[in-house]
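**Q** Questions regarding the structure given below will be posed in turn.
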Ligand SMILES: Cc1cc2nc3c(=O)[nH]c(=O)nc-3n(C[C@H](O)[C@H](O)[C@H](O)COP(=O)(O)OP(=O)(O)OC[C@H]3O[C@@H](n4cnc5c(N)ncnc54)[C@H](O)[C@@H]3O)c2cc1C
Ligand SMILES: Nc1ncnc2c1ncn2[C@@H]1O[C@H](COP(=O)(O)O)[C@@H](O)[C@H]1O
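What follows is the structure, encoded as structure tokens:
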């Protein structure tokens, strides 16, 4: 079984990010970058599936600038077999990422595309579903459990009101939610050791065609400063005065 | 001519989404996937699909695509379901998409939060149609009146997926995204029983909903559908009481639209005090029962 895991390089999800003063972008000066946390969960899940079934082959792919190599190397160190860097300096929106991934899927014919539900930089939550639509494959988003079963996959997914279980034929697209697993920790020596694994750089198969464009970045309105109350009595009195309780 | 299709997976979604539709200012139709049409929301027409429940995304998105022709805008209120289905619909229609719209600048320009709400992006739409998911908090209440014409429609919603299990832990408490009061707890609530007794008991006394942090959900203290934040529910109650919650960026991203935020935390330096309208430095296991007792007086 072939698993393709698309991963995105994102600004450190724990960093305090601000817009640039002129609103033209985001100030990431001096910040660390990481694999999008949901994609790291997807890589971990692929590796766990391989631990149960050695016939599983895992390819990770990232679309972006040369620096994405750092995140692909980390995914290789986690246990992926090979990495593809679709190297481009152009801006991609979600439909363009989905189109490129769909073209790659036709070339590589994976049985399963396992990816993050959302990138923590753009918070779009779009690419997996758009990709599944383009390929006409079934999808299971917000996965919290994935099992390979005869005839396909069994996926437990989180919903607005609880959980549900899907039986899906392959090929399929699955997007990972937080509770799917906790990714293993990889120390630096592990990343260096994975240097012998193949990482191919290649140009994109498709041209990005932007359907949306972000034209300005601004700071959210600040909440008015609050105050500390000294006691439960003072708190309840304040809330009653505002008609909140 | 520009026209909006507002998709209501349940009738309540039409009421939550109507203020956005009215603000957008284009003529609109509402498609009720399940349930009966609500006809006084100013829609030019209402369509009833009459499904008993919403099928898996591949099926329902295909059905929606078959009736989306002629609409320049297709929108639904933001939820896990709408993100699942509408992003697939956008893929089928080769459409533009904007997730989590919080403000309308024009029919082709929208604001949305990115990076856990740290930044607001202004997004220009360059293609038609555009698919939108919308956070209702910024759009107020719908203007009501009139009576839209209702027509039944049928769609092919066949899916490749079999749903083999479903748990909906509804219960009697209000829905988080609709609640006026939310009592929310974090990691120190210890276990599911303690969480339910302390937070659930308080919520029931004030007629509120219960929320939780990711830390609480991950450690099994609270069920997943109660997670509030960047990757959970976005809430906008009149009163949000956060007990034993540190105030991570990811959690705060989900509660910024609350009218009043109260923080109860035993650490006077907890980041949540920077956002709270009222902060009480106290052990929640003392403070919560004390508040409940005071309210009974
Ligand atoms: C990609 C990603 C997405 C995420 N999405 C979300 C999300 O959607 N929602 C979310 O909530 N988190 C999310 N997180 C996690 C987030 O970063 C924090 O880890 C989490 O919110 C912390 O939860 P907490 O406040 O319960 O726990 P902690 O940070 O451990 O805080 C517990 C607090 O309780 C206080 N305390 C302890 N005992 C008591 C007591 N007896 N009485 C009063 N106070 C007490 C402590 O002083 C502390 O401030 C996400 C993280 C990542 C990386
Ligand atoms: N540039 C990219 N390269 C590879 N995968 C990506 C890229 N952008 C998004 N993805 C994948 O799409 C998922 C959802 O992203 P988004 O729709 O942007 O929130 C991510 O978790 C990744 O798995």
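Chains as they are written, first to last, in this note's numbering: chain A, 1 to 245; chain B, 1001 to 1297.
Backbone N, C-alpha and C define an ideal beta-carbon position, used for all residues, glycine too.
1. Using the Cα positions of residue 218/A and residue 1117/B, report the straight-line distance between them to the nearest angstrom.
2. May I have a chain-ordered list of the alpha helix (DSSP H) segments no shorter than 4 residues that lie completely inside the stretch 1064 to 1100 of chain B?
3. Determine whether the Cβ of residue 1181/B lies closer than 9 Å to any Cβ atom of chain A.
4. Excluding the five sequence neighbours on either side, which residues of its own chain have a C-beta within less than 6 Å of the C-beta of residue 68/A, listed in chain order?
5. In this structure, does DSSP put residue 1224/B in helix, strand or coil?
6. What do you reckon, are the CB atoms on residue 17/A and residue 1102/B nearer than 9 Å?
7. Assuming contact is defined by CB atoms lying nearer than 9 Å, are residue 1074/B and residue 1129/B in contact in what I supplied?
8. CA-CA distance, residue 1249/B and residue 14/A?
9. Short check: CB of residue 1229/B to CB of residue 1214/B, under 9 Å?
10. Report the option in 1184/B, 1195/B and 1292/B whose CA atom is closest to the CA atom of residue 1272/B.
11. Given that a residue counts as buried once 16 or more other Cβ atoms are within 10 Å of its Cβ, and exposed if not, what is residue 1240/B?
12. Any heavy atom of ligand 2 closer than 8 Å to the CB of residue 204/A?
13. Taking residue 142/A as part of the beta strand (DSSP E), name the residues at either end of that continuous run.
14. Would you kindly report the start and end of the unbroken alpha helix (DSSP H) that includes residue 97/A?
15. By the 10 Å Cβ neighbour count, where 16 or more other Cβ atoms means buried, how is residue 1141/B classified, buried or exposed?
16. Entirely within the stretch 19 to 54 of chain A and at least 4 residues each: give me those alpha helix (DSSP H) ranges in chain order.
17. Roughly how many angstroms separate the alpha carbons of residue 1264/B and residue 1251/B, rounded to a whole number?
18. Under 7 Å between beta-carbons, which chain B residues line up against residue 33/A? List them in chain order, please.
19. When the cut-off is 9 Å and only beta carbons count, does residue 1267/B lie next to chain A?
20. With H, G and I counted as helix, E and B as strand and the rest as coil, what does DSSP make of residue 67/A?
21. Does the CB of residue 233/A have a neighbour CB from chain B at under 9 Å?
22. Using a Cβ-Cβ cut-off of 6 Å (strictly less than) and excluding sequence neighbours within five positions of residue 1284/B, which residues of its own chain qualify?
23. Between residue 1275/B and ligand 1, is there a pair consisting of the residue's CB and a ligand heavy atom that are separated by less than 8 Å?
24. Beta-carbon of residue 1063/B versus every beta-carbon of chain A: anything under 9 Å?
25. Counting Cβ pairs, one atom from each stretch, are 3 or more of them under 8 Å apart for the stretch 1043 to 1055 of chain B and the stretch 214 to 230 of chain A?
26. Report the rounded CA-to-CA distance for residue 55/A versus residue 1164/B, giving the unit in angstroms.
27. Does chain A have any CB closer than 9 Å to the CB of residue 1113/B?
28. Since residue 153/A contacts residue 135/A with CB under 8 Å, what's their CB separation in whole angstroms?
29. Using C-beta distances below 7 Å, list every residue in its chain close to residue 1063/B, excluding the 5 sequence neighbours before and after it, in chain order.
30. Using a C-beta to C-beta distance shorter than 7 Å, which residues of chain B count as neighbours of residue 17/A?
31. If I measure Cβ to Cβ from residue 1007/B and keep anything under 6 Å in the same chain, skipping five residues before and after, which residues do I get?
32. For residue 201/A, list the residues DSSP reports as bridge partners.
33. Let me check you understand the geometry: is the CB of residue 1058/B closer than 8 Å to at least one non-hydrogen atom of ligand 1?
34. According to DSSP, what are the bridge partners of residue 91/A?
35. Under 8 Å, with one C-beta from each stretch per pair, do the stretch 1086 to 1100 of chain B and the stretch 174 to 194 of chain A reach the 3-pair mark?
36. Is there at least one Cβ from chain B nearer than 9 Å to residue 130/A's Cβ?
**A** A quick look at the data gives this:
1. 11 Å
2. 1080 to 1093
3. yes
4. 9, 62 and 85
5. helix
6. no
7. yes
8. 8 Å
9. yes
10. 1184/B
11. buried
12. no
13. Its beta strand (DSSP E) spans residues 139 to 149.
14. 94 to 108
15. With fewer than 16 other Cβ atoms within 10 Å, it is exposed.
16. 37 to 52
17. Cα to Cα, the separation comes out at about 15 Å.
18. Within 7 Å Cβ-Cβ: nothing; residue 33/A doesn't reach chain B, min ~13 Å.
19. no
20. helix
21. yes
22. 1243, 1244 and 1264
23. no
24. no
25. no
26. 27 Å
27. yes
28. At roughly 15 Å, the Cβ-Cβ gap does not stay under 8 Å, so residue 153/A and residue 135/A are not in contact.
29. 1155, 1156 and 1157
30. 1115, 1118 and 1119
31. Once the five neighbours on either side are set aside, the close Cβ partners of residue 1007/B are 1031 and 1076.
32. 85/A
33. no
34. Answer is none; residue 91/A lacks a bridge partner.
35. No: fewer than three Cβ pairs fall under 8 Å.
36. yes
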